[in-house]
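Peer 1:
Residue numbers (the numbering used here): 12 to 347.
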C-alpha cells in the first residue's frame, strides 16, 4: 500500500515523496492504561470489558532472574505485557486516533511501526511539515517517546533536476535522511528499485546453500534436502515477494535464478520458480483483499459493472505498471 501510494503520486508532474519511518522507544511499555481505557470507551466498548482490560494492565508484578539470583518484586502500572496476544491489538486501539490531518499526507501503521508519506507537489512542503509537528505533539500527549536517532527519512524524487531537501526536525533535532531503509523485512531504496533488497536476500541465501551442500554430503535424502531448502532458502528468496518481485530488474532476477538452479542441482529435482511463486501469491493475496471489505486496499480491487473483471489501474510509468496492484489485477482478469 505504501509503495502504491508513492508511485501513484509520482505519476504526476513536479512531484516527490518524503517518508519518515518513525521509531518509538519501548512503544508497548509506555501505554498508559487509563488513557487506553478512555479511548476504548470512546470507541463504544462495554464498560465491564474496559474495566477488565484496566485490571489486566495494572498492578502487574514481575521480577528478573539470572541464574540463582532474583531481583526484588516490582509492580507495574504502565505498558502492555510483551509477548501477550492481546498487546498488539491494544496498541492498535491506543493509536487509532493517530491519523493524517492533510489529504496530501498518509500515515501507515503496522503494530508499532509508523510511516508518514508526504505527497508533495510544486515543492510545497507546508502540509507535510505540519503533519510531522502534529504527529510529534500527538506522541507527547499520548506518552509515546520518539527515538529520533532511529527515526530515518527517505526522499523519493524522480525529477531530473536535483535539489537540496531541508531536513525535518523532531524536538529541534534533525532527522537523518538515508538512501535506503529496512521496513517490515524489506529494504526500500530512494529510487524505489529493489537491488539493495535482492542483494541482501542473495547474501543470506548463498550462506544457507553451504549448509544444503553439507547435508547432501552427509547422505540426507532428497525429501529432507527439499524440506531444508523450502524452510531456510526459499523462505528468504520469497519473503514479501509480492511487494518487490514485479519491479525487480532483469539482472536481479538472473542472480536469484542462479541460486535456485544451484539449489535444484543439490536437491536433485526441479524446484518451483520465483515467477510461479510470485504469481500464486499475487492471486492468493488479491482474493483475500477482495473478500475483506475492511481491508485498506479493498477499494483498489474493484469490479467493473459487469461484475466479472477488475477495474485496471491506469499508469504512465513502468514502475507503477509492474507494482503489485496493477499486476494482481491483470493476473485476476486473466483467470476469467
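Backbone N, C-alpha and C fix where the C-beta goes; we use that ideal spot for every residue, glycine too.
Any contact of the segment 27-45 with the segment 93-111, i.e. 3+ C-beta pairs under 8 Å?
Peer 2: Yes, the segment 27-45 is in contact with the segment 93-111.
Peer 1: Near residue 4, which residues of its chain fall below 7 Å by C-beta distance, leaving aside the five closest residues on each side in sequence?
Peer 2: A query on residue 4 cannot be resolved here, the shown segment of the chain reaching from 12 to 347 and no further.
Peer 1: Using a Cβ-Cβ cutoff of less than 7 Å, which residues in the same chain neighbour residue 205 once the five nearest sequence positions on both sides are dropped?
Peer 2: Excluding positions up to five away in sequence, the list reads 255, 258, 259 and 263.
Peer 1: Quick one: is residue 29 buried, meaning 16 or more other Cβ sit within 10 Å of its Cβ, or exposed?
Peer 2: Residue 29 comes out buried.
Peer 1: Could you check what DSSP says for residue 3 in three-state terms: helix, strand or coil?
Peer 2: Lying outside 12 to 347, the shown extent of the chain, residue 3 is not represented and no answer is given.
Peer 1: What residues in its chain sit with their C-beta under 8 Å from that of residue 85, if we drop five residues either side in the sequence?
Peer 2: Same-chain partners within the cutoff: 72, 73 and 74.
Peer 1: Using 8 Å as the cut-off, can you tell me whether the segment 222-232 makes contact with the segment 194-208, which would need three or more C-beta pairs spanning the two stretches below that distance?
Peer 2: Because the criterion of three Cβ pairs below 8 Å is not met, the segment 222-232 and the segment 194-208 do not touch.
Peer 1: Rounded to whole angstroms, how far is the Cβ of residue 203 from the Cβ of residue 167, which I believe are closer than 8 Å?
Peer 2: Rounded, the Cβ-Cβ distance is 6 Å, consistent with contact.
Peer 1: Quick one: what does DSSP say residue 126 is sitting in, helix, strand or coil?
Peer 2: Strand at residue 126.
Peer 1: Measure the alpha-carbon distance for residue 240 versus residue 70 and round it to whole angstroms.
Peer 2: Cα-Cα distance, rounded: 47 Å.
Peer 1: Please classify residue 174 as buried or exposed, where buried requires at least 16 neighbouring CB atoms within 10 angstroms.
Peer 2: Residue 174 is exposed by the Cβ-count criterion.
Peer 1: Leaving out five residues before and five after residue 319 in sequence, what residues of the same chain have Cβ atoms less than 8 Å from its Cβ?
Peer 2: Cβ within range, chain order: 347.
Peer 1: Cβ of residue 322 within 8 Å of Cβ of residue 331?
Peer 2: Not a contact, by the Cβ cut-off of 8 Å.
Peer 1: Count the other CB atoms, across all protein chains shown, that sit within 10 Å of the CB of residue 286; report buried if there are 16 or more and exposed otherwise.
Peer 2: So residue 286 ends up on the exposed side.
Peer 1: Please say whether residue 104 and residue 165 have beta carbons closer to each other than 8 Å?
Peer 2: Against a cut-off of 8 Å, the Cβ pair of residue 104 and residue 165 comes out as no contact.
Peer 1: Taking only three categories from DSSP, how would you classify residue 93?
Peer 2: In the structure shown, residue 93 sits in coil (DSSP, three-state: anything other than H, G, I, E or B).
Peer 1: Could you tell me whether the segment 139-154 touches the segment 119-129, using the rule of 3 or more Cβ pairs below 8 Å?
Peer 2: The segment 139-154 vs the segment 119-129: in contact.
Peer 1: Pull up the CB-CB distance for residue 219 and residue 244, whole angstroms please, since I reckon it's below 8 Å.
Peer 2: Contact holds; Cβ gap of about 5 Å.
Peer 1: Restricting to runs no shorter than 4 residues, where is the alpha helix (DSSP H) found entirely within the segment 46-79?
Peer 2: If we require 4 residues or more, the alpha helix (DSSP H) runs fully inside the segment 46-79 come out as 58-68.
Peer 1: Sort 121, 276 and 311 by Cα distance to residue 227 and report the nearest one.
Peer 2: Considering only alpha carbons, the answer is 276.
Peer 1: Apart from the five residues on each side of it in sequence, which residues of its chain come closer than 7 Å, Cβ to Cβ, to residue 410?
Peer 2: Shown here, the chain extends from 12 to 347; a query on residue 410 therefore has no answer.
Peer 1: Pull up the distance between the alpha-carbon of residue 333 and that of residue 305, whole angstroms please.
Peer 2: Answer to the nearest angstrom: the Cα atoms are 25 Å apart.
Peer 1: Quick one, which of 22, 12, 13 and 16 has its alpha-carbon nearest residue 329's?
Peer 2: Of the candidates 22, 12, 13 and 16, the one whose C-alpha sits nearest the C-alpha of residue 329 is 22.
Peer 1: Sort 116, 61 and 152 by Cα distance to residue 138 and report the nearest one.
Peer 2: Answer by Cα proximity: 116.
Peer 1: Can you tell which of 154, 214 and 317 has the C-alpha that lies nearest to the C-alpha of residue 46?
Peer 2: Among 154, 214 and 317, the Cα nearest to that of residue 46 is on 154.
Peer 1: Based on DSSP bridge pairs, tell me the residues matched to residue 131.
Peer 2: Answer is 27.
Peer 1: Using alpha carbons as the reference points, say which of 56, 91, 341 and 300 lies closest to residue 38.
Peer 2: Checked all of 56, 91, 341 and 300; the closest Cα to residue 38 is 91.
Peer 1: What is the DSSP secondary structure of residue 222, counted as helix, strand or coil?
Peer 2: In this structure, residue 222 counts as helix in the three-state DSSP scheme.
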